[in-house]
Amino acid sequence: MTATDEAGSVGPSARLLQLFEGHRLTPTQRRIAHSLVRHATEAPFLSSVEVAELAGVSQPSVTRFAVALGYDGYPALRKQLRELGGGEPAAPETPDDAVRNEHQQAVLAEIAHLRHLAELLADPEPIIRAARLLAASRPLPVLGLRAASAQARGFAYFASKVHPDIRLLDEGGSMLADRLEQARAAGASALLCFALPRYPRELMDALTVARECGLTVLTVADSAFAPVAKLSDLMLPAAVGTGLVFDTACAPMMLGRVLLQSMCDELPGAEARLEAIEQSAAARGLFLE
Numbered sequence: 001m002t003a004t005d006e007a008g009s010v011g012p013s014a015r016l017l018q019l020f021e022g023h024r025l026t027p028t029q030r031r032i033a034h035s036l037v038r039h040a041t042e043a044p045f046l047s048s049v050e051v052a053e054l055a056g057v058s059q060p061s062v063t064r065f066a067v068a069l070g071y072d073g074y075p076a077l078r079k080q081l082r083e084l085g086g087g088e089p090a091a092p093e094t095p096d097d098a099v100r101n102e103h104q105q106a107v108l109a110e111i112a113h114l115r116h117l118a119e120l121l122a123d124p125e126p127i128i129r130a131a132r133l134l135a136a137s138r139p140l141p142v143l144g145l146r147a148a149s150a151q152a153r154g155f156a157y158f159a160s161k162v163h164p165d166i167r168l169l170d171e172g173g174s175m176l177a178d179r180l181e182q183a184r185a186a187g188a189s190a191l192l193c194f195a196l197p198r199y200p201r202e203l204m205d206a207l208t209v210a211r212e213c214g215l216t217v218l219t220v221a222d223s224a225f226a227p228v229a230k231l232s233d234l235m236l237p238a239a240v241g242t243g244l245v246f247d248t249a250c251a252p253m254m255l256g257r258v259l260l261q262s263m264c265d266e267l268p269g270a271e272a273r274l275e276a277i278e279q280s281a282a283a284r285g286l287f288l289e
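Quick note: the sequence shown, position 206, residue 206 per full-length UniProt numbering, numbers continuous.
What follows is the structure, encoded as structure tokens:
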């Protein structure tokens with residue numbers, strides 16, 4: 001995805017994504033890249049030690065990361081980040097801005113993730129491209145295992161109101177490969193995958209089967225550098241919150257709804273299907289109001 005700022009130029013997060021794309025990075029290096037993207041405004045002003053602390057890695061790992069990108073060392077990479085115009089360091093927190101407890105911190109972190117998503121969505125092309133691929137698939141399998149199963153189920157519930165054939169795949173096991181092959185045999189051309197930490201091994205196996213079947217894999221994940229990236233034809237990143245005991249996934253959910261909105265524009269008869277569903281619901285007294 002590509003982001004633009006209010007002036008129409010590419011935003012800092014997108015500039016970093018473009019800088020890192022096309023490089024074969026180790027898991028540790030992907031973690032560093034992900035941390036820099038999430039803190040794109042401050043990144044050009046951080047030392048290698050600060051980057052290491054931010055990413056939870058060693059300082060030599062940051063140096064190796066810079067070398068993997070083709071720079072002599074981290075100072076050269078930081079110079080490049082500054083030339084990209086990542087902005088100024090964030091203003092110091094004032095007493096009025098102080099967060100009182102960890103619950104507030106978690107909520108504000110989610111708000112920051114949603115703002116980052118809004119920045120990425122300034123460029124509509126990736127969403128439009130994904131929506132067209134998904135809308136054209138008959139049937140459309142929607143995959144999400146373990147932590148991502150709720151995202152897949154929520155998307156499938158609403159998508160079934162406008163798409164004629166949604167197939168939810170939210171359980172693993174040996175039959176998962178069978179269902180993917182059956183969907184492909186029935187005419188499916190694309191697969192929508194929701195992938196969140198911790199990434200199940202069987203999810204990677206399922207995506208391998210999907211690719212071998214000839215399905216185009218579109219993945220909503222917490223990072224463009226997630227392990228599933230190598231098995232995805234199109235990555236749509238949306239960060240998850242890690243401030244509580246269990247991760248929070250407001251941004252991936254929102255991205256799924258945005259994708260579904262765009263699919264409605266690509267699906268012939270979507271409005272008529274929605275109207276028919278509303279009439280049926282009213283006739284059956286399905287809802288209280």
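Each residue gets a CB set at the ideal place from its N, CA and C atoms; glycine is no exception.
Pick from the options: whose alpha carbon is nearest that of residue i?
i       : options                            : result
Val-49  : Arg-38, Ala-40, Val-37, Ile-32     : Ile-32
Phe-65  : Ala-270, Leu-19, Tyr-199           : Leu-19
Asn-101 : Leu-244, Ser-280, Ala-229          : Leu-244
Thr-208 : Leu-196, Asp-222, Val-220, Lys-230 : Lys-230
Arg-273 : Asp-165, Gln-105, Val-228          : Asp-165
Asp-170 : Thr-242, Ala-147, Glu-278          : Ala-147
Can you tell me whether DSSP reads residue i as helix, strand or coil?
i           : result
residue 290 : Limits of the chain in this structure are 1 at one end and 289 at the other, which puts residue 290 out of reach.
Phe-225     : coil
Phe-287     : coil
Phe-194     : strand
Ala-267     : A small fix is needed here, since residue 267 is Leu in this sequence, not Ala. Of the three classes helix, strand and coil, the one that applies to Leu-267 here is coil, per DSSP.
Leu-236     : strand
Val-107     : helix
Ala-91      : Low confidence applies here, because Ala-91 scores a pLDDT of 47, under 50, leaving its location unreliable and the question unanswered by this model.
Leu-133     : helix
Leu-145     : coil
Thr-41      : coil
Val-49      : helix
Pro-69      : The sequence given here places Leu at residue 69; Pro does not occur at that position. Correct three-state label for Leu-69: coil.
Leu-218     : strand
Ser-160     : coil
Leu-117     : helix
Leu-207     : helix
Ser-262     : helix
What does DSSP give as the partner residue(s) for residue i in the beta ladder?
i       : result
Ile-166 : Leu-140
Gly-241 : Thr-248
Thr-28  : Looking at the DSSP assignment, Thr-28 forms no beta bridge with any residue, so it has no partner.
What do you reckon, are the CB atoms on residue i and residue j nearer than 8 Å?
i           : j       : result
residue 311 : Asp-247 : Shown here, the chain extends from 1 to 289; a query on residue 311 therefore has no answer.
Ser-13      : Glu-125 : no
Ala-152     : Leu-134 : no
Val-162     : Leu-16  : no
Leu-145     : Ala-251 : no
Pro-141     : Gly-187 : no
Gly-256     : Gly-154 : yes
Val-67      : Ala-52  : no
Next item on the list: Evaluate contact between the segment 186-202 and the segment 212-221, counting only Cβ atoms and requiring at least three cross-stretch pairs below 8 Å.
Entry: In this structure the segment 186-202 lies against the segment 212-221, because at least three pairs of beta carbons, one per stretch, are closer than 8 Å.
Notebook entry, point to check: Is there contact here, the segment 73-82 with the segment 199-208, by at least three beta-carbon pairs under 8 Å?
Noted result: Result no; under three Cβ-Cβ pairs closer than 8 Å.
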